[in-house]
Amino acid sequence: MKRITILGATGSIGQNTIDLIDRSPDDFQTVALTGGHNVEQLAADARRLGAQLAVTAHEDRLQDLRDLLAGTGVEAAAGHKALLEAASRPADLVMSGIVGAAGLEPGLEAVRTGATLALANKESLVCAGPLLLARARASGATILPVDSEHSAIFQALVGEDTADIERVIITASGGAFRDWPLDKLKTASLAEASAHPNWDMGQRITIDSATLFNKAMELIEAKELFGLSSAQIEVVIHPESLIHALVGFRDGGLMAHVGPPDMRHAIGYALNWPDRRHLPVERLDLVKIGRMTFRDPDEARHPALRLSRDVIDAGGLAGAVFNAAKERALDGFIDGGLGFLQMAEVVEETLDRLMPEAAPMVDMSLDDVLAMDAKARRVAGEIIAAL
Ligand code: NAD
Ligand code: MG
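Under this note's numbering, the residues of the sequence shown are numbered -10 to 376, in order.
As structure tokens, then:
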């Protein structure tokens, strides 16, 4: 029986995690669930799973959450401090499924307690990878990647010596616009960018898949998790999304991880680690699939990949700038003021302005990260306003 807390329980990662727990109720005991505005879903899950604590990020939703949980014995709480409290309750495993840099502090809290962190929230590695890893080393916590590509790499490395890695190849579906000509991309709408061809995910990561910012963040995530240089990380477009990543070893061998595009595989692998258990994912019929295709990403259409390589090479707090500028630009696109291709322009310009002060900050504290995050959002906002 594992004690589990789910941060971002009402989101796409959180709901897939709960689906797996519902199927194996004897294997998990739920400690805390956190969510946002959707307190109805949060309360229903907390009640069914018998959680100790349910937390909404929004203070103005607390009364509703309390009403929904009245008489159930589940504690209700709200706000930033309550989120950190949920993350630090004793648990064996904490699923980090909040979207954005908002997932960083709860993730750090979970790691401080020594709990295993099942990490879907790639933003915390992008903006503060060295800090998160140092906290994990200090407490002895294990970090298990949940992003499908990084779970694939992790699985390919079981029993291997990381010193033998020559390169990793991360696959990308190419997102909603993989076959669109450049001039059409300029006018891509929010609805069009929010429809992913293969994966069913939250809105923000779906749009990030269309710009390839999601893949760009995954390169930084791979650097942090596996200690790779930018030259060791390759990206190929693989429209079928069946191979999630490959690891190339010094003897020329490539280990590929193949599976259906269903996040419950990577989530279930982390939930059951170090064991493997039955998971309710489709079994692939290779003959029916027939073939898998690969091509180079068009970096001219998608500057995100080039920018992320610069961020990897620069180090320090370059990732915090990159992530915050991207989040601010994405807000601009979702709110309707910013065009699809302008998102990358805003990130590039923000990096140009802040890289000289961000890159040298190697021994980062949480305060340094939060200050740089706030500054990059402000600068990106100014750049957007001037467009
Ligand atoms: P989502 O938008 O579906 O869910 C996000 C969750 O975070 C919700 O529970 C929401 O209430 C909560 N949340 C949002 N803002 C918050 C804030 N400021 N404070 C506290 N909680 C907040 O997102 P998702 O698609 O599940 O993605 C979650 C994370 O997992 C992201 O980092 C994403 O990149 C990563 N990821 C997701 C998938 C996927 O299949 N969805 C795959 C790989 C990686
Ligand atoms: Mg991924």
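Even glycine gets a Cβ: it sits at the ideal position worked out from N, Cα and C. Model, not experiment: these values are computed from the prediction.
- Under DSSP, residue 23 takes part in a beta bridge, and its partners are 44.
- Sequence-distant partners of residue 302 (beyond 5 residues in either direction) whose C-beta falls short of 7 Å from its own C-beta, in its chain, are 219.
- When DSSP assignments are scanned along the segment 219 to 284, the uninterrupted stretches of alpha helix (DSSP H) that are 4 or more residues long and fall wholly within it turn out to be 252 to 261 and 275 to 278.
- For the pair residue 318 and residue 300, the CB atoms are not nearer than the 8 Å cut-off.
- Counting only beta-carbon distances shorter than 6 Å to the non-hydrogen atoms of the ligand MG, the qualifying residues in chain order are 136, 137, 138 and 207.
- Nearest in C-alpha terms to residue 243, of all of 43, 175, 141 and 289, is 141.
- For residue 87, the distance from the CB to the nearest heavy atom of the ligand NAD is below 7 Å.
- In this structure, DSSP gives residue 132 an extended state, which the three-state scheme calls strand.
- Secondary-structure assignment with DSSP links residue -9 through a beta bridge to 17.
- In the DSSP assignment, the residues bridged to residue 64 are 42.
- The way I'd put it, the segment -8 to 0 doesn't touch the segment 243 to 255; fewer than three beta-carbon pairs between them come closer than 8 Å.
- Fewer than three beta-carbon pairs drawn from the segment 336 to 346 and the segment 277 to 285 are found closer than 8 Å, and the two stretches are therefore not classed as touching.
- Sixteen is the threshold: when 16 or more other Cβ atoms of the shown chains lie within 10 Å of the Cβ of residue 34, as they do, the residue is buried.
- Excluding its 5 nearest sequence neighbours in each direction, residue 188 has C-beta neighbours in its own chain below 6 Å: 250, listed in chain order.
- The DSSP-derived three-state label of residue 87 is coil.
- Distances from the CA of residue 61 to each of 195, 47 and 43 were compared; the closest alpha carbon is that of 43.
- Bridge partners of residue 161 according to DSSP: 226.
- Ranked by Cα distance from residue 17, the first of 373, 137, 110 and 257 is 257.
- Here residue 22 is near residue 40, since their CB atoms are less than 8 Å apart.
- Approximately 14 Å separates the beta-carbon atoms of residue 113 and residue 133; this is outside 8 Å, ruling out the contact.
- In this structure, residue 376 places its C-beta atom within 8 Å of the C-beta atom of residue 331.
- Restricting attention to beta strand (DSSP E) runs no shorter than 3 residues, the segment 98 to 159 encloses them at 105 to 108 and 132 to 134, ordered along the chain.
- Beyond the five residues adjoining it in sequence on each side, residue 323 comes within less than 7 Å, by CB distance, of 179 in the same chain, given in chain order.
- Excluding residues up to 5 positions away in sequence, 115, 116, 209 and 300 lie with their Cβ nearer than 6 Å to the Cβ of residue 308 in the same chain.
- Residue 2 is not a Cβ neighbour of residue 38, given a cutoff of 8 Å.
- Cβ-Cβ separation between residue 205 and residue 294: approximately 5 Å, consistent with a contact (criterion under 8 Å).
- In this structure residue 298 is buried. Its beta-carbon is surrounded by 16 or more other beta-carbon atoms within 10 angstroms.
- Around the beta-carbon of residue 254, 16 or more other beta-carbon atoms lie within 10 Å, marking it buried.
- For the ligand NAD, no non-hydrogen atom lies closer than 7 Å to the CB of residue 169.
- For the set 101, 172 and 213, the Cα lying nearest the Cα of residue 78 is the one of 101.
- A Cβ-Cβ separation of about 4 Å places residue 333 in contact with residue 292 under the 8 Å criterion.
- Minimum Cα-Cα distance from residue 64 among the listed residues 19, 240 and 171 corresponds to 19.
- With a beta-carbon spacing of about 15 Å, residue 182 and residue 161 fall beyond the 8 Å limit used to define contacts.
- Counting along the chain, the unbroken alpha helix (DSSP H) around residue 300 starts and ends at 293 to 303.
- Per DSSP, residue 306 lies in no alpha helix (DSSP H) and is assigned neither H nor E.
- Residue 351 counts as exposed, since fewer than 16 other C-beta atoms from the protein chains shown sit within 10 angstroms of its C-beta.
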